[in-house]
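Trainee: So the sequence shown is residues -12 to 386, counted in our numbering. Yeah, the Cβ is synthetic: ideal placement off N, Cα and C, and Gly gets one too.
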Amino acid sequence: MKVVNLKQAILQAWKERWSDYQWAINIKKNFPKGATWDYPNLAEALMEQAMIGLSPNPLILSYLKYAVSSQMVSYSSVLTAISKFDDFSRELCVKSLLEIMDMFCHRLSCHGKAEECIGLCRALLVVVDWLLQGCDWYCEKLRELGPSVSTETSLRACLDRLHTLMNSTKNRALVHIARLEDQSAWNNVEQSVMKVTEGLGSIPNQALATKLEECLSLVKSIPMMLSVQCDQPVHASFPSVHAFVMLEGTMNLTGETQPLVEQLMMIKRMQKIPTSLFVLEIWKACFTGLIESPEGTEELKWTAFTFLKIPQVLLRLKKYHGDKGEDFMEDVNVAFQHLLKLTPLLDKADQRCNCDCLGMLLQECHKLGLLSEVNTSCLTEKRAEDREFAPRLKTCRKC
């Protein structure tokens, strides 16, 4: 359907003062959806008609908001339409467009078809450029006319939306994809960044200037996203390691050590798990097995697995590091430091076995050369301090 006919439908609704609900019913009845799930050109047609005057047309603006909230238009089409508005002197219109962005920019996601996802990436890139252009326009106005409350307010409004978008790693990743797809559009962003950087000195509000500078840094960091190696968070967990160790301790306790070592190394390499977190996950699985094992033979099996077999597994893993054995010892030390923070897990194991489980494990690792004497002493002392405050439950079994 041609855009001109869509405009006629919008103007007719405005002349007859249809409610947003009536307007939506008419659109759905008379205009077919496009190849995707939304109505093609609808967002752009509504935007054009709503932003004709010095201030936005409230009725047509309500149609646009209804279309967004009822998902008659895609987020990418709305962002693209917003980016085509270039008269930043009409501050009320800009304010309305930013408010429309607030309706959905906190939940942008790529769950549709490939072309829809790429469309969202491109739209996000152009709207980032649009926000930068807005910041540049208001910085230039401050430079020419001096301090102004209304201009600062408009600058802050654009900056807040830019910060919300760029403060999300996911959104920056989407812009990065668009940059790879459309280098010319990214060049426009880089030019806008340069212009805004030049205008930073014209902002009298230092806090506002600092926040804008932070946003520019986030935008400029986008091309380097793939080259930056992020540290693995300490709280990260790796269920595959946990599940595999639990399975071995339950079903294959008497199996050969070497196959177990090789399979663990394969999991570590495939998931690129840092050594310290890899060792930590092994210990967590062992203590969980100790706590959950039935009394009797199974408990004895898990005890042997935890205190005898797994230290031998780690000794063989250390040999994989060759000349970097000292690095592996430090990773084991770091793993134990993280394990010490899991006080409830350790306390529960101590209560179940009626002994200092971690202390025994530390001594065994020290004997095998997996821990230095200094680190063993420090870890033992720390655990001894924690055990002083551990709950003494009446259900604790005696040896």
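1. What is the DSSP secondary structure of residue 95, counted as helix, strand or coil?
2. Out of curiosity, what's the CA-to-CA distance linking residue 153 and residue 159?
3. How big is the Cα-Cα spacing for residue 337 and residue 297?
4. Would you report the Cα separation of residue 211 and residue 365, rounded to the nearest angstrom?
5. Give the straight-line distance between the Cα atoms of residue 333 and residue 371, rounded to the nearest whole angstrom.
6. Assess, as a yes-or-no matter, whether the stretch 347 to 361 is touched by the stretch 298 to 305 under the definition of 3 or more beta carbon pairs within less than 8 Å.
7. Measuring only the C-alpha atoms, how far is residue 65 from residue 185?
8. Tell me whether residue 43 is buried or exposed, calling it buried when 16 or more other Cβ atoms sit within 10 Å of its Cβ.
9. Can you find the residues in the same chain that come closer than 6 Å, C-beta to C-beta, to residue 5, ignoring five residues on each side of it along the sequence?
10. As a quick exercise: from 49, 368, 141, pick the residue whose alpha carbon is nearest that of residue 76.
11. Pull up the distance between the alpha-carbon of residue 127 and that of residue 208, whole angstroms please.
12. Between residue 347 and residue 294, how many whole angstroms is the CB-CB distance? I'm expecting something under 8 Å.
13. According to the Cβ coordinates, are residue 227 and residue 254 closer than 7 Å?
14. Where does residue 216 sit, in a helix, a strand or coil, going by DSSP?
15. From residue 150 to residue 131, what distance separates their C-alpha atoms?
16. Starting from residue 153, follow the alpha helix (DSSP H) in both directions and report where the run begins and ends.
17. Would you decide whether residue 404 is buried or exposed? Buried here means 16 or more other CB atoms lie within 10 Å of its CB.
18. Is the stretch 227 to 242 touching the stretch 165 to 180, taking contact as three or more C-beta pairs under 8 Å?
19. So, is residue 59 buried or exposed, given that buried needs 16 or more other C-beta atoms within 10 angstroms?
20. Along the chain, which unbroken stretches of the beta strand (DSSP E) at least 3 residues long are found entirely within the stretch 232 to 275?
21. Just to confirm my understanding: we take residue 116, look at its own chain, exclude 5 residues before and 5 after, and list those with CB closer than 6 Å. What are they?
22. Do you know offhand how far residue 328's Cα is from residue 279's?
23. Quick one, which of -2, 266, 53 has its alpha-carbon nearest residue 11's?
24. Output the distance between the C-alpha atoms of residue 240 and residue 288, rounded to the nearest integer angstrom.
25. Give the C-beta separation of residue 266 and residue 183 to the nearest angstrom, bearing in mind that I take them to be a contact with Cβ-Cβ under 8 Å.
26. What do you reckon, are the CB atoms on residue 276 and residue 236 nearer than 7 Å?
27. Please classify residue 120: does DSSP put it in a helix, a strand, or coil?
28. In whole angstroms, what separates the C-alpha of residue 57 from that of residue 18?
29. By Cβ distance below 6 Å, which residues in the same chain neighbour residue 263 in space, the five residues on each side in sequence not counted?
30. With C-beta atoms as the reference, is residue 129 less than 7 Å away from residue 165?
31. If you reduce the DSSP assignment to three classes, tell me which class residue 316 lands in.
Mentor: Walking through what the data contain:
1. Coil at residue 95, not helix or strand.
2. Going by the C-alpha atoms only, they are around 6 Å apart.
3. 18 Å
4. 40 Å
5. 12 Å
6. yes
7. The alpha-carbon separation between residue 65 and residue 185 amounts to approximately 30 Å.
8. buried
9. none
10. 141
11. When the Cα atoms are used, residue 127 and residue 208 turn out to be separated by approximately 25 Å.
12. 6 Å
13. yes
14. Residue confidence for residue 216 is low, a pLDDT of 45 falling below 50, so the modelled location carries little weight; the figure read from the coordinates is stated next. The answer is coil: DSSP assigns residue 216 none of H, G, I, E or B.
15. 25 Å
16. 136 to 153
17. Because the chain is modelled from -12 through 386, residue 404 falls outside the range shown and cannot be assessed.
18. no
19. buried
20. none
21. 175, 176, 179
22. 20 Å
23. When each option's Cα is compared against that of residue 11, the closest is 53.
24. About 7 Å.
25. Not really, about 47 Å apart at Cβ, beyond 8 Å.
26. yes
27. For residue 120, the secondary structure class from DSSP, reduced to helix, strand or coil, is helix.
28. 16 Å
29. The residues are 318, 321, 322.
30. no
31. helix
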